[in-house]
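Novice: Residue numbers (the numbering used here): 38 to 153.
Note that the Cβ used here is the ideal one computed from N, Cα and C, for glycine as well.
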């Protein structure tokens, strides 16, 4: 069985987590737009900019995964975790991501986008 690199694993993890972050941001944008806060347009524009950056990164990520012959086959949602079945250079692998870890990762990802 082929061993995977740390980069391979990070590509798969980001392929799963970035769409979650997009959903969280979209949810927050809707809440902000329906709120009575004073600078909602400014916050909304900021979140739109971050969404755009994430979409570009996701596009680049998917292209890189194709080039590396890594394909996500299935994402299973369980009560406390997600199980991702993917193919890497012809070999099938599984990755488990705990919900608490995903939440922490999303916070870290959001912080990295805000610093750009």
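(1) Kindly indicate the opening and closing residues of the alpha helix (DSSP H) around residue 147.
(2) Which class does residue 107 belong to by DSSP, given the choice of helix, strand or coil?
(3) Anyone know if the C-beta pair for residue 126 and residue 106 falls short of 8 angstroms?
(4) For residue 78, which three-state DSSP category applies?
(5) Report the rounded CA-to-CA distance for residue 46 versus residue 95, giving the unit in angstroms.
(6) On the premise that residue 119 lies in contact with residue 112, defined as a C-beta separation below 8 angstroms, what is that separation, rounded to the nearest angstrom?
Specialist: Taking the geometry as given:
(1) In the chain shown, the residue the question calls residue 147 occupies position 110. Looking at the DSSP string, the run of the alpha helix (DSSP H) that includes residue 147 is 136-151.
(2) Translated into positions along the chain shown, residue 107 becomes position 70. Residue state, collapsed to three classes: strand.
(3) Your numbering for residue 126 matches position 89 in the chain shown. Your numbering for residue 106 matches position 69 in the chain shown. In this structure, residue 126 lies near residue 106, with their beta-carbon atoms less than 8 angstroms apart.
(4) Residue numbering aside, residue 78 sits at position 41 when the chain shown is read from its first letter. If DSSP states are grouped into helix, strand and coil, residue 78 belongs with the helices.
(5) Taking the chain shown and counting its residues from 1, the one referred to as residue 46 is at position 9. Taking the chain shown and counting its residues from 1, the one referred to as residue 95 is at position 58. Looking at the two C-alpha atoms, the distance is approximately 15 angstroms.
(6) Locating residue 112 in the chain shown gives position 75, counting from the first residue. Locating residue 119 in the chain shown gives position 82, counting from the first residue. That belief holds up - the Cβ atoms of residue 112 and residue 119 are roughly 6 angstroms apart, short of 8 angstroms.
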